[in-house]
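Single-structure report; data block below.
In the working numbering, the protein residues as written are 1 to 125.
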């Protein structure tokens, strides 16, 4: 349980940093909302992102393992970008404001999120 909570926290902070760096190409929460509502949206997006990576991500990575090895791990960035777009779709179904401007911005966001998660996980652990 502690590992899940730390993963959720790290993912939420990494998503916030990616949204900050990508500006209007990746938004979490509506700009007109209060800070509390934007933080709540970030927490919900972080939770969905963590759950998507935990369940869907592990299955997809297992099924595509030969292609991951063949591409020397570059396919992992594509998978993470697609999981980010899946997170966008799921959160929009629940009415949470989270938007990424297409696959290539999700690709760039996946790189930023992966780097941030690596650094933050080293600090948190």
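The beta-carbon is built from N, C-alpha and C at its ideal position, and this holds for glycine as well.
By the C-beta density criterion, residue 93 is exposed, having fewer than 16 other C-beta atoms within 10 angstroms.
The beta carbon of residue 23 sits closer than 7 Å to none of the beta carbons in its chain outside the five residues before and after it.
Taking C-alpha positions only, residue 53 is separated from residue 67 by approximately 19 Å.
In the DSSP assignment, residue 64 falls outside any beta strand (DSSP E), carrying neither H nor E.
Residue 93 is bridged by DSSP to nothing; it lacks a bridge partner.
The region 57 to 65 makes no contact with the region 18 to 37: fewer than 3 CB pairs, one atom from each, lie closer than 8 Å. For residue 41, the secondary structure class from DSSP, reduced to helix, strand or coil, is helix. Residue state for residue 16 is assigned as helix, using DSSP reduced to three classes. In this structure, the beta-carbon distance from residue 87 to residue 45 falls below 8 Å. In this structure residue 14 touches residue 117 by the C-beta definition: roughly 5 Å separates them, less than 8 Å.
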